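In our numbering, each number is its position in the sequence shown, counted from 1, plus 2.
For glycine and all other residues, C-beta sits at the position ideal for the given N, C-alpha and C.
No experiment lies behind these values; they were computed from the predicted model shown.
Before any comments, here is the structure.
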Amino acid sequence: MKHGDFSHLAKEYAKYRPGYSYSVLSAIIGLCGGMPSKLEAVDVGAGTGIFSRMLSDAGFSTVRAVEPNDAMREQGASGSRGTDIDWTDGSGGDTGLGDQVCDLVTMASSFHWVDFDAGCKEFHRILRPGGHFAALWNPRLVEQNPLLQEVEELLSQIAPNLKRVSSGRAKFTTDLTERLNASGWFKDVVYVEGRHIQSFTPSEYLGVWRSVNDVQVQLGKDRFGLFLERVAELVDGFETIETTYLTRAWCAQRSES
């Protein structure tokens, strides 16, 4: 398994990963003019379609989900049956879409995997004049629950040199506002955030961990198995495990220059 390769995690990702803050989605819609029924959206790096389905449920006139990984895309298409979401193969640097085909481009928990300059150029190309790009993440606020802090301490003991890749509170987001404004492709960057709480059964909580790519890659099969065993012992006896998520989003308007 490699960093960024979710092929073996697709089923767990589809089954256990939580959605994003609806208040943040509402804020993005407001920045786009507040009338999703008149807007077309493209969700790039859509994974299993968690945010794609939120866009569809919010009433966007069309939603295209672009995902390069076959297994993730298949899970997404399967989980989106009954919707009008159109699934296609493509990436942040090459969506495979035509020029100026949408009003909103989103990347949910995936922009950190894309070459920044190539992605910005591609999103500018497929956006219509006045359109917006939104990059968002959904990190956990482990400090809100002592049990989650205990799990993180356990992870640090097993892997003292672990470097998290995908967290929305990681280095990638530190200067994202400045980078987007300086890119030449976007302007008027707005940052919004919203908290939401998800309750997991112990089995579901372990399932969330089984969907985490960077931890599995760095720990390897044996140490990751040990980690899951220790976590199972910690959460045994809990009816539910309350997890607070902080959806963080950067929304920028397409530059006309």
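Can you say whether Asn163 is buried or exposed, counting buried as having 16 or more other CB atoms within 10 angstroms of its CB?
Working through the sequence shown from its first residue, we reach residue 163 at position 161. That one is exposed.
Look at the Cβ atom of Gly92, then the Cβ atom of Trp139, and state whether they are nearer than 8 Å.
Within the sequence shown, numbered from 1, the residue matching residue 92 stands at position 90. Within the sequence shown, numbered from 1, the residue matching residue 139 stands at position 137. No, these two residues do not count as a Cβ contact at 8 Å.
Here's the rule I'm using: 16 or more other beta-carbon atoms within 10 Å means buried, otherwise exposed. How should Gln77 be labelled?
The residue you call residue 77 lines up with position 75 of the sequence shown. Flag for Gln77 reads buried.
Could you spell out where the alpha helix (DSSP H) holding Ile128 opens and where it closes?
Numbered from 1 along the sequence shown, position 126 holds the residue referred to as residue 128. It spans Phe118 to Ile128 - the alpha helix (DSSP H) in which Ile128 sits, taken as one unbroken run.
Would you kindly work out how many angstroms separate the C-alpha atoms of Val46 and Phe229, rounded to a whole number?
By one-based count along the sequence shown, residue 46 stands at place 44. By one-based count along the sequence shown, residue 229 stands at place 227. Taking the straight line from one Cα to the other gives about 32 Å.
With a cut-off of 8 Å, do at least 3 Cβ pairs link the segment 14-26 to the segment 198-207?
As far as the Cβ criterion goes, the segment 14-26 touches the segment 198-207, which means the pair count is three or higher.
Counting along the chain, where does the beta strand (DSSP E) carrying Ile199 start and finish?
Along the sequence shown, one-based indexing puts residue 199 at 197. From DSSP, the beta strand (DSSP E) with Ile199 extends over Phe188 to Phe202.
Just the C-alpha distance for His114 and Thr242, rounded to the nearest angstrom, thanks.
Position 112 of the sequence shown, counted from the first residue, corresponds to residue 114. Position 240 of the sequence shown, counted from the first residue, corresponds to residue 242. If you take the alpha carbons of His114 and Thr242, they lie about 31 Å apart.
Under a three-way DSSP split, which group does Arg66 fall into?
Residue mapping note: residue 66 aligns to position 64 of the sequence shown, counting from 1. Strand, per DSSP.
In terms of residues, what are the limits of the alpha helix (DSSP H) holding Arg340?
Residue 340 falls outside the range modelled here, since the chain spans only 3 to 259, and no answer is possible.
By how many angstroms is the C-alpha of Lys17 removed from the C-alpha of Ser291?
With the chain covering only 3 through 259, there is no way to say anything about residue 291.
In angstroms with no decimal places, state the Cα-to-Cα distance between Phe135 and Asp238.
As a position in the sequence shown, residue 135 is number 133, starting the count at 1. As a position in the sequence shown, residue 238 is number 236, starting the count at 1. If you take the alpha carbons of Phe135 and Asp238, they lie about 42 Å apart.
Determine the contact status of Lys102 and Thr246, defining contact as a CB-CB distance below 8 Å.
In the sequence shown, the residue the question calls residue 102 occupies position 100. In the sequence shown, the residue the question calls residue 246 occupies position 244. It is Gln, not Lys, that sits at residue 102 in the sequence shown. Cβ atoms of Gln102 and Thr246: not closer than 8 Å.
What first and last residue would you give for the beta strand (DSSP E) that runs through Leu248?
Within the sequence shown, numbered from 1, the residue matching residue 248 stands at position 246. Where Leu248 is concerned, the enclosing beta strand (DSSP E) stretches over Ile243 to Arg256.
Identify every run of the beta strand (DSSP E) within the segment 14-66, keeping only runs that are complete inside it and at least 3 residues long; order them along the chain.
Taking only runs of at least 3 residues, the beta strand (DSSP E) segments lying wholly in the segment 14-66 are 42-46.
At a cut-off of 7 Å, is Val210 close to the ligand NAD when judged by its beta-carbon and the heavy atoms of the ligand?
Here there are no bound small molecules, and the ligand NAD is not part of this structure.
Is the beta carbon of Leu150 sitting closer than 8 Å to the one on Trp252?
Taking the first residue of the sequence shown as 1, we reach residue 150 at position 148. Taking the first residue of the sequence shown as 1, we reach residue 252 at position 250. No; because the gap between Cβ atoms is not below 8 Å, this pair is not in contact.
Would you mind sorting His5 into buried or exposed? The rule is 16 or more other CB atoms within 10 Å of its CB.
Numbered from 1 along the sequence shown, position 3 holds the residue referred to as residue 5. Any reading at His5 must be qualified, since the residue scores a pLDDT of 45, below 50, and its modelled position is unreliable; the value itself is stated next. The residue is exposed, with fewer than 16 neighbouring Cβ atoms inside 10 Å.
Would you report the Cα separation of Ile31 and Ala43, rounded to the nearest angstrom?
As a working note, residue 31 is residue 29 in the sequence shown. As a working note, residue 43 is residue 41 in the sequence shown. In a straight line, the C-alpha of Ile31 is about 11 Å away from that of Ala43.
Could you give the distance in angstroms between the alpha-carbon of Thr203 and the alpha-carbon of Phe240?
Along the sequence shown, read from residue 1 onward, the residue named residue 203 stands at position 201. Along the sequence shown, read from residue 1 onward, the residue named residue 240 stands at position 238. If you take the alpha carbons of Thr203 and Phe240, they lie about 8 Å apart.
What does DSSP give as the partner residues of Leu138 in its beta bridges?
Along the sequence shown, read from residue 1 onward, the residue named residue 138 stands at position 136. Note: Leu138 sits in a beta bridge opposite Ala110 and Ala251.
To which residues of the same chain is Ala137 closer than 6 Å at the C-beta, ignoring the five residues directly before and after it?
Translated into the one-based positions of the sequence shown, residue 137 becomes position 135. Taken in chain order, the residues that qualify are Met109, Phe113 and Trp252.
Could you name the residues of the same chain whose beta carbon sits closer than 7 Å to that of Leu268, not counting the 5 residues immediately before and after it, in chain order?
This structure cannot speak to residue 268, because the chain is shown only from 3 to 259.
Could you give the first and the last residue of the continuous beta strand (DSSP E) run that contains Thr90?
Locating residue 90 in the sequence shown gives position 88, counting from the first residue. Segment Asp88 to Thr90, the beta strand (DSSP E) holding Thr90.
Using the Cα positions of Lys123 and Gln218, report the straight-line distance between them to the nearest angstrom.
Stepping through the sequence shown from its first residue, residue 123 is reached at position 121. Stepping through the sequence shown from its first residue, residue 218 is reached at position 216. For Lys123 and Gln218, the distance between alpha carbons rounds to 32 Å.
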